[in-house]
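Asks: Right, I'll just put the structure down here and ask away after.
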Amino acid sequence: MNLKEALAGALRGARAHQGLSYEDLAGATHRTNIGKLEQARTTPTLEKLDEIADYLGLDLLTMVTLAIAAQGEELPSEALQRTALRVREFEMSGGWQLVEEQFSDGKLIKRSQGKPKRPVNANYIRALKAQGFDRKTIAEKLGVARSTVQKYWNT
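Below, the structure is given as structure tokens:
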């Protein structure tokens, strides 16, 4: 089952559990949108799903957990336990620190458009060049395009 269908089932179940109608969710979104979501004909933004979850007496994480559990045919508590382990691994391996570095004073740090630059590539390219390797060999060693090597060759 795809995630859109799993979310549709989670929304239907949560709405039925609360004894709510489409009209009862009108503060979160138009009733026709609820119908489309529950028929898996559209997908909400995270902000909209958060609003809908709030009207259902849930939060965003719970709503997403219900959908993931439905998709994986497991209990929501099992999905959360599995996720908690992955989150801990992410934190322990330094992933969370990298996420935190994307913000300053609670705001996302702006970056230039396009593909993010990889300063590590530049440093490796310079180091391999200093060791006497040619552009083709460096590209093969690093698994990057020759154009990437060329870009950092004279910097």
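For the sequence shown, my numbering assigns the number 3 to the initial residue and increments by one for each residue that follows. The C-beta atom is built at its ideal place from N, Cα and C for all residues, glycine as well. These numbers come from a predicted model, not from an experiment.
(1) On the DSSP bridge assignment, give the partners of residue 110 in chain order.
(2) Going by C-alpha distance, which of 41, 25, 58, 8 is nearest residue 19?
(3) Going by DSSP in three states, residue 19 sits in which element: helix, strand or coil?
(4) Round the Cβ separation of residue 71 and residue 62 to the nearest angstrom and send it over; I've been treating them as touching at under 8 Å.
(5) Go ahead and label residue 17 buried or exposed: buried means 16 or more other beta carbons lie within 10 angstroms of its beta carbon, across all protein chains shown.
(6) Note down the Cα distance separating residue 39 from residue 64, rounded to an integer number of angstroms.
(7) Here's the rule: buried if 16 or more other CB atoms are within 10 angstroms of the residue's CB, otherwise exposed. What is residue 69?
(8) If I'm right that residue 30 touches residue 53 with Cβ under 8 Å, what's the distance once you round it to whole angstroms?
(9) Report the rounded CA-to-CA distance for residue 37 versus residue 3, giving the unit in angstroms.
(10) Between which two residues does the alpha helix (DSSP H) containing residue 159 stretch?
(11) Of the choices 32, 11, 28, 21, whose alpha-carbon is the least far from that of residue 41?
Replies: Walking through what the data contain:
(1) As a first step, residue 110 must be located in the sequence shown, where it is residue number 108. Residue pairing of residue 110 in beta bridges, as defined by DSSP: 105.
(2) One-based indexing of the sequence shown puts residue 19 at position 17. The shortest C-alpha separation from residue 19 is found at 58.
(3) The residue labelled residue 19 in the question sits at position 17 within the sequence shown. Annotated three-state conformation of residue 19 is helix, per DSSP.
(4) By 1-based counting over the sequence shown, the position of residue 71 is 69. By 1-based counting over the sequence shown, the position of residue 62 is 60. Wrong, their Cβ atoms sit about 15 Å apart, outside the cutoff.
(5) For the purposes of this step, residue 17 is taken as residue 15 along the sequence shown, with counting starting at 1. Classification for residue 17: buried.
(6) Position 37 of the sequence shown, counted from the start, is the residue given in the question as residue 39. Position 62 of the sequence shown, counted from the start, is the residue given in the question as residue 64. One C-alpha to the other measures close to 17 Å.
(7) Your numbering for residue 69 matches position 67 in the sequence shown. By the C-beta density criterion, residue 69 is buried, having at least 16 other C-beta atoms within 10 angstroms.
(8) Along the sequence shown, read from residue 1 onward, the residue named residue 30 stands at position 28. Along the sequence shown, read from residue 1 onward, the residue named residue 53 stands at position 51. About 4 Å separates the two Cβ atoms, so the contact holds.
(9) In the sequence shown, the residue the question calls residue 37 occupies position 35. In the sequence shown, the residue the question calls residue 3 occupies position 1. One Cα belongs to residue 37, the other to residue 3, and the distance between them is close to 19 Å.
(10) In this structure the chain extends from 3 to 157, so residue 159 is not present and cannot be described.
(11) Against the sequence shown, residue 41 aligns to sequence position 39. Closest by alpha carbon: 11.
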